[in-house]
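These notes concern the structure reproduced below.
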Amino acid sequence: MPEKIKKQFIAYSEAVKEDSPLYSFITKQIAEEDNLMLKIKPHFFNAHFISLYLSSVLKHLYIYEDQLREYYLNFTNNPKKPSKEMIKAFLTFQESHFSDILSDIERFNLKKNIVERSSVLVPVFQHIIKLSGQEQFNVVELGSKGGLLLNYDWYGYTFNKKIEIGNTKDFNIKVKLNGYDEGFDISNLAHPQKKVGITKNKIDLTLDDEYFWLMSLYYPEETKRRKHFMKARKVFLEHPIEILEGDELTLLPDVVATLPDDEAVILFHIHLTKNWSDDKKQQLLEIISEFSQTHEIYHVHHQIFNNDIYLDSFVEGKLQRQKLAHFDLNELTIDWLHNQKVIF
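Numbering (the working numbering), first residue to last: 29 to 372.
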């Protein structure tokens, strides 16, 4: 019996107990299934395997009808209570698709496209537009995955329960915005001239298989985020975006070089650089600095220095760095930090 793997499943069960009671129940129960643990053993690499495994099972439930659906909020508003019967159904279902589940684990990763992150782009981009004085601008995202953040301008938002922006009737992301300078108007959403995403591992949202994978990365209990994601995919099909696959630092110079030098360029990335080395972060900053000689470029970054969102701009070739915001994704709260002193 692979005790180490069993302990990992039990630890996972405890870790997700509050966020996903369903996954907590499943992993605690199947940890006692010796045959499954032995079958998993040759393929197990670390705790991420468990999340990938559960996501793949859910992805296959989107594709294939099964009685197991009756226990998931993904398929019913009144799911059955987890039980021994459910575990039997789970084991049977995953056994039927085990080889495909392993293929998913090798092929995909756990990086999500969290649509709600787009809300922080609204005040940030409005600030940049006012700063630049330009009505025409282009947007480039690094680490865009499926590209859903790039369609920020087609979503609806409600800030502080009173400021409605975009089509809130069909798609409404509700956000609290603290401390925003009232001198800046966020009541309108300007559309970029061009949008380009650059990402190492592209997800093609026109393909159901890849769409279902991203859907399955949410816990079954994350109903609101899942609904936003589904609406964002619909928007993507109506407003497709060019997404280039490859190393971000390799492709970025070619992308910026194709953009008009008389239009502002907003380059942004959220969460991407968290695990980058200091050398790689420095390479990115150097590439942007070089292009600031030929383009009016604004670099919105997160996780280069810390969890706050910064804006780098260039005035007569000199770097100007501002701390703009802190975004609490779980609470959907943006603290506007503009004019605070930047200290490292």
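For glycine and all other residues, C-beta sits at the position ideal for the given N, C-alpha and C.
Annotation: the continuous alpha helix (DSSP H) that includes Phe264 extends over 251–266.
With respect to the C-alpha of Asn74, the residue from His88, Gln310, Lys56, Phe37 having the closest C-alpha is Phe37. The continuous beta strand (DSSP E) containing His327 extends over residues 325–330.
With respect to the C-alpha of Lys252, the residue from Ser127, Glu144, Lys69 having the closest C-alpha is Glu144.
The Cβ atoms of Asn141 and Leu242 sit closer than 7 Å to each other.
Under the DSSP assignment, Leu280 falls in the alpha helix (DSSP H) whose first and last residues are 276–286.
Look at Tyr185 here: in three-state DSSP terms it is strand.
For Leu66, the enclosing alpha helix (DSSP H) starts and ends at 62–68.
C-alpha of Glu238 to C-alpha of Val343: approximately 42 Å in a straight line.
Between the region 351–363 and the region 164–182 there are fewer than three inter-stretch CB-CB distances shorter than 8 Å, so the stretches are not counted as touching.
Taking 7 Å as the cut-off, the Cβ atoms of Ser83 and Leu245 count as close. Under the DSSP assignment, Tyr81 falls outside any beta strand (DSSP E), being part of the alpha helix (DSSP H) whose first and last residues are 76–91.
For the set His323, Phe103, Lys69, Ile191, the Cα lying nearest the Cα of Asp290 is the one of His323. Listed as beta-bridge partners of Tyr100 by DSSP are no residues whatsoever.
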